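Chemist:
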Amino acid sequence: MSCLYEIPDLLQARELREIARQLADAPWQDGRASAGGQAAQVKNNEQLPRDCEAARAIRDCVLRALDRSTAFFSMALPRRVFPPHVNRYGGQRNHYGAHVDNAIRLSGEHGQALRTDLSATVFLNDPDDYDGGALLIGTGLAQRSIKLPAGHMVLYSGNSVHQVTPVTRGHRLAVFFWIESMVRDDAQRDLLHDLDMSILSLRNRHGDDATSVALTGTYHNLLRMWAAP
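Heads up, the sequence shown is in this note's numbering, so the first residue is 36 and it goes up one at a time.
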C-alpha cells in the first residue's frame with residue numbers, strides 16, 4: 036500500500052522570503068552526491084552542500100515548520116527526520132529519472148541508520164516560475180503528478196517509484212528529506228491518521244462526549260500496539 040498526502044502552507048510567507056534571500060548566491064553542486072547507486076545513474080540536478088550557510092539556515096527553518104505542524108505529526112508519526120537537503124532543477128541539470136529511494140540512509144556525524152518509511156518534498160517556488168518539473172509518484176497502479184505552490188509539502192511512501200520530469204524553463208527549487216515513522220506500516224499509519232481526523236471532526240461538533248473519548252482511547256491503544264518509539 037502507498038500513501039500520499041499534501042500539507043498546504045507548511046512554510047509561511049516570511050520564511051519563504053528568507054529562504055529566497057539565502058538562495059540568491061548559494062553554492063550549488065552536483066546533486067548525485069546524495070543518491071544511491073541506481074538513483075545516481077538517473078539523477079541530473081543540483082543541490083546545496085549540506086554544510087554551507089544557506090543549507091543550514093533552510094534546514095533549520097524547515098525543521099521548525101515540521102515541529103509546529105500538527106498535520107505532519109498526524110500523517111507521519113515521525114520517530115526521526117533525516118536532515119533536509121535543498122535541490123534545484125533547470126538548465127543542463129533539469130531532471131531525475133524513475134527511481135526508488137534507498138531503504139536505509141545514514142544520518143549525522145556518526146552515521147546513524149535511518150529507515151526511509153516516508154519521503155517528503157517542500158516546494159520553494161511557485162509552478163508559474165518554471166515549466167515541467169512535475170514530481171511523478173507511483174501509487175499502486177496509478178501515477179500522480181505533483182506541482183504545488185511555494186511552501187506546500189507532499190509526503191509519500193518511501194517505497195514509491197518516483198521521478199521529476201525535465202524542467203524546460205526557469206528553475207524548480209525544493210527541499211527534500213526522509214522520515215522514519217514510529218509506525219512503519221503504511222496501512223496502519225493511514226488508518227491511525229483517518230481515525231485521528233474522525234476524532235477531531237467529532238470533537239469539533241460535539242466536544243469531548245463519550246463517543247469521542249472512547250474513540251480517542253481506541254486510537255491510543257492501536258498506537259500502543261503498532262508504534263515502535
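Beta carbons are placed, not taken as given, at the ideal position from N, Cα and C, and that holds for glycine.
Model, not experiment: these values are computed from the prediction.
1) Determine the DSSP secondary structure at T156, reduced to helix, strand or coil.
2) Cα separation between L83 and R103?
3) In the region 105-155, which residue ranges form an unbroken alpha helix (DSSP H) of at least 4 residues, counting only runs that do not cross its ends?
4) With H, G and I counted as helix, E and B as strand and the rest as coil, what does DSSP make of W63?
5) Since D221 and C38 are thought to touch, with beta carbons under 8 Å apart, how far apart are those beta carbons, to the nearest angstrom?
6) On a CA-only basis, which of N239, A249, G242, D231 is nearest S109? Give me that one, please.
7) By how many angstroms is the C-alpha of R150 removed from the C-alpha of R240?
8) When DSSP labels each residue in this structure, what does A262 get in the three-state scheme?
9) With three or more beta-carbon pairs closer than 8 Å as the criterion, would you say the region 124-139 touches the region 203-212?
Modeler: On the basis of the coordinates in this document:
1) T156: strand per DSSP, three-state reduction.
2) Roughly 25 Å separates the two Cα atoms.
3) Segments of the alpha helix (DSSP H) lying fully in the region 105-155: 105-111.
4) Three-state DSSP puts W63 in coil, outside helix and strand.
5) Confirmed, about 5 Å.
6) Nearest option by C-alpha distance: D231.
7) Taking the straight line joining both Cα atoms gives about 38 Å.
8) Three-state DSSP puts A262 in coil, outside helix and strand.
9) Yes: at least three Cβ pairs fall under 8 Å.
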